[in-house]
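Working notes, beginning with the structure itself.
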Amino acid sequence: QKEVEQNSGPLSVPEGAIASLNCTYSDRGSQSFFWYRQYSGKSPELIMFIYSNGDKEDGRFTAQLNKASQYVSLLIRDSQPSDSATYLCAVDGRFGAGTRLTVKP
Amino acid sequence: GAGVSQTPSNKVTEKGKYVELRCDPISGHTALYWYRQSLGQGPEFLIYFQGTGAADDSGLPNDRFFAVRPEGSVSTLKIQRTERGDSAVYLCASSLSTSGTGELFFGEGSRLTVL
């Protein structure tokens, strides 16, 4: 059984702060790691993907992967109210429950 | 079309009825996924097609659920003898990846309500 676990939150941060989202997965052979954002009533949309151990940065977003610990994270710097959404971790097509993030002005 | 298209967008049915949900993926995408999402939950994996064949159907909850993709493009998710617990948004996603590891492009979903 391929499982993906996320802290369901909710997570609340002030505007301008760093939001940290975490995810663990059960299948050690997993190859692809994605973060999607889902606004209420909408479908998921891609934020970032990472395939190799280490960090990957894209603008205000940084994804971190540690395959030995079976752990993926997403950091959002300078958080904005428009970042308020549910963030979904996906590993080889399996999704976690999502973490609801609220950024307060 | 430019994106993944799902029909119907909303379906209300009665307990025990048969339902079909359709997904038209992005042209050229060989991979197609079906998910079920309940309120406050993440997308629950149902089935993954690579071309015409089901590469992984381990997420189908029971034998009332079946999906086909006969020509490697459009897919239909079929639910027999619907139950109230089947009420959810059914999401379809497609991908260019032939290894099941690529970015997923989602449709707008089909909201199923079983009365």
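Chains A and B are the protein sequences, given in the same order. Be aware that the first sequence starts at 1, since it is given in the working numbering, and climbs by one per residue. Be aware that the second sequence starts at 1, since it is given in the working numbering, and climbs by one per residue. By construction, the Cβ of each residue, glycine as well, lies at the ideal position given by its N, Cα and C atoms. Values in this document were obtained by computation on a predicted structure and should not be read as measured data.
Per DSSP, what are the beta-bridge partners of ILE47(B) in this structure? TRP34(B)
Close-in-space but distant-in-sequence residues of the same chain around ASN7(A) (CB under 7 Å, 5 per side omitted): ASN22 and THR99
Rounded separation between GLU14(B) and VAL114(B) - CA only: 5 Å
So ARG69(B) and ILE79(B) are in contact, right, with Cβ under 8 Å, and what is the actual spacing, rounded? Not quite, the Cβ-Cβ distance comes to about 16 Å (not below 8 Å), so this is no contact.
Cβ of SER43(A) within 9 Å of any chain B Cβ: Chain B, which has a Cβ nearer than 9 Å to the Cβ of SER43(A), makes this yes.
Best match in GLU45(A), ALA17(A) and SER30(A) for proximity to VAL4(B) [C-alpha to C-alpha]: Considering only alpha carbons, the answer is GLU45(A).
Listed by chain order, chain A residues near THR101(B) by CB distance under 7 Å: GLN31, SER32 and ASP92
Would you tell me roughly how many angstroms separate the C-alpha atoms of THR62(A) and ARG81(B), rounded to the nearest one? So the two alpha carbons sit approximately 45 Å from each other.
For the beta strand (DSSP E) that GLY53(B) lies in, which residues bound it at each end? 53-56
In chain B, which residues lie with their C-beta within 8 Å of the C-beta of LEU88(A)? GLY42 and PRO43
Using Cβ-Cβ distances below 8 Å, what residues of the segment 93-105 of chain A are close to chain B? GLY93, ARG94, PHE95, GLY96, ALA97 and GLY98
Where do the N-terminal and C-terminal ends of the beta strand (DSSP E) with ASN66(A) fall, by residue? 61-66
Going straight from the alpha carbon of GLY28(B) to that of GLY51(B), what length do you get? Those two C-alpha atoms are separated by around 10 Å.
Assuming ALA31(B) and SER95(B) form a contact by the criterion Cβ under 8 Å, report the distance between their Cβ atoms to the nearest whole angstrom. 4 Å
Cβ neighbour criterion (16 or more within 10 Å) applied to PRO105(A): exposed
Just checking my contact of GLY9(A) with ASP78(A) at CB under 8 Å: how many whole Å lie between their CB atoms? Actually they do not touch by this definition, with Cβ atoms about 20 Å apart.
If you count every other CB in all the chains shown that lies within 10 Å of the CB of ARG84(B), and 16 or more means buried, which is it? Burial call: exposed.
Give the secondary structure of SER99(B) by DSSP, where H, G and I count as helix, E and B as strand, and everything else as coil. coil
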